[in-house]
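Residue 170 in the working numbering sits at position 93 of the sequence shown; the count goes up by one each step and never skips. Quick reminder that beta carbons are idealized off the backbone N, C-alpha and C, glycines included.
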Amino acid sequence: MRIPDRPRPRPGSRPAAVLILFGEGPEGPDILLTERAATLNKHAGQPAFPGGRIDPEDDGPVGAALREAWEEAGVEPSGVEVLTTLPELYLPHSDHRVTPVAAWWREPSEIAPGHPGEVATVARVPIAELVDPANRLTVRHPSGIRVGPAFRVRGMLVWGFTALLLTHVLDAGGWSRPWDSGRVEDLPQEVIDLSSRG
Numbered sequence: 078m079r080i081p082d083r084p085r086p087r088p089g090s091r092p093a094a095v096l097i098l099f100g101e102g103p104e105g106p107d108i109l110l111t112e113r114a115a116t117l118n119k120h121a122g123q124p125a126f127p128g129g130r131i132d133p134e135d136d137g138p139v140g141a142a143l144r145e146a147w148e149e150a151g152v153e154p155s156g157v158e159v160l161t162t163l164p165e166l167y168l169p170h171s172d173h174r175v176t177p178v179a180a181w182w183r184e185p186s187e188i189a190p191g192h193p194g195e196v197a198t199v200a201r202v203p204i205a206e207l208v209d210p211a212n213r214l215t216v217r218h219p220s221g222i223r224v225g226p227a228f229r230v231r232g233m234l235v236w237g238f239t240a241l242l243l244t245h246v247l248d249a250g251g252w253s254r255p256w257d258s259g260r261v262e263d264l265p266q267e268v269i270d271l272s273s274r275g
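Below, the structure written as structure tokens:
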């Protein structure tokens, strides 16, 4: 997978990990997404892969991604088969170095928001729904700055880092279908208000 062009990490940037969890759901192959609670100070209301900072006791990105998926969505680590770690990506806005961990949900567990104050929604989103051209668009800030690809799925607007990574994963997996990248919409004001918290 080609690493998107991004600035180099600053010394002291914080390591983090996310879990890209593939499964075979009731509607076919899917990917697990969460939506962060609107009450958070950072990334409020944003759809995301389960994940967070790597703690010293995590034993690296894989341990952190599995722990976060358990805490945020109830994903039993014993039912997950880790496939690979993808190249680390740097997020200058939050000063995090994020390692995506790709995994297969061999034995799916019941999922639900693990902590109402942190996670509002947990959803298994079918890949067919993600690649449906009707659900894809490009979003921009009302100032005119183009933000990037986005998805409208399961009542969520997936944008930013998560949408960019999801786009690369779908492309690398050969699942992507042609879509109208010229369909550009402004980010809704409520999304901007939430993201402005940090």
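- With a contact defined as Cβ atoms closer than 8 Å, L264 and R217 qualify at about 7 Å.
- DSSP, read as helix, strand or coil, puts G237 in helix.
- Take the alpha-carbon of I188 and the one of G156: they are about 13 Å apart.
- Per the coordinates, the alpha-carbon of I204 lies some 24 Å from the alpha-carbon of A114.
- Closest by C-alpha distance to D209, out of S220, R231, V224, P219, is R231.
- Looking at S171, G100, E267, P92, the one whose alpha-carbon comes closest to that of V159 is G100.
- Looking at the backbone, the Cα of P190 and that of P255 are separated by about 33 Å.
- A146 is positioned such that its CB atom lies no closer than 9 Å to that of L214.
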